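Once you know that position 73 of the sequence shown is 1194 in this note's numbering, the rest is easy, because the numbers rise by one and skip nothing.
Cβ coordinates follow ideal geometry from the N, Cα and C atoms, glycine included.
What you are looking at is a predicted structure, and each value in this text was computed from that prediction instead of being measured.
Below: the structure, in structure tokens.
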Amino acid sequence: MKREDKSPMRRLDWAIAATSGTFMVGSVIAGLLIGLWVDKNFGTDPLGKAVGVILGGTVGTIELVRMLLRVSRK
């Protein structure tokens, strides 16, 4: 059997993919948790969750673009 190519660029590609996916999911979950807290403490159900998820997704997308721009410059 032939071994897979383990070049540094291939490893970097896998690291970027794993990091970006984890960061996006984490941002949305963090937004949801903050939204749940807001809903519980201020009685704004379901507005807090919706805004939290939207803001979490937005922050995740912005950070993903920033990370990809940094990597593409190198």
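For serine 1141, the enclosing alpha helix (DSSP H) begins and ends at 1129-1163. Pairing valine 1180 with arginine 1191, the inter-Cα distance amounts to about 17 angstroms.
With fewer than three CB-CB distances shorter than 8 angstroms, the region 1164-1173 does not count as touching the region 1137-1144.
Distance from the CA atom of isoleucine 1137 to the CA atom of leucine 1157, rounded to whole angstroms, is 30 angstroms. Contact between glycine 1152 and valine 1174 holds, with the beta-carbon distance rounding to 5 angstroms and staying under 8 angstroms.
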